[in-house]
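Participant: Numbering of the sequence shown is given in my numbering, commencing with residue 144 and proceeding in unit increments.
Where a beta carbon is used, it is the ideal one built from N, C-alpha and C, also for glycine.
Since this is a predicted model, take the numbers as computed values, not measurements.
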Amino acid sequence: MSTKKKGMLTVSGEWARHLRPRGRRQFWSVERMTAQQAVLAEARDELVASTDDASRRAADRESVDDSRPARNPA
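#1: Helix, strand or coil for Met151? Go by DSSP, reduced to three states.
#2: Give the straight-line distance between the Cα atoms of Glu165 and Val182, rounded to the nearest whole angstrom.
#3: Express the C-alpha separation of Ala202 and Ala192 in angstroms, rounding to a whole number.
#4: Considering only residues of the stretch 157 to 207, which uninterrupted beta strand (DSSP E) runs meet the minimum length of 3 residues and lie entirely inside it, listed in chain order?
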């Protein structure tokens, strides 16, 4: 696992036999943390996009309401 493959977010370094147990723990710890950060970043991006869409829709509704003439002008 010293090369980056599809689906892997991080790469591992040296895989000498005496380093494998510690290296595996470190690799998978970093892999899980990186995956969690990727998920949080994606969720944040979706939240920002949905907020932008909601504000655009609200602005569009206000502009449509402003353009309508009053029914019973006083």
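Facilitator: Per the coordinate set shown:
#1: coil
#2: Reading the sequence as shown, one finds Arg at residue 165 and not Glu. Spanning the two alpha carbons is a distance of roughly 26 Å.
#3: 15 Å
#4: none
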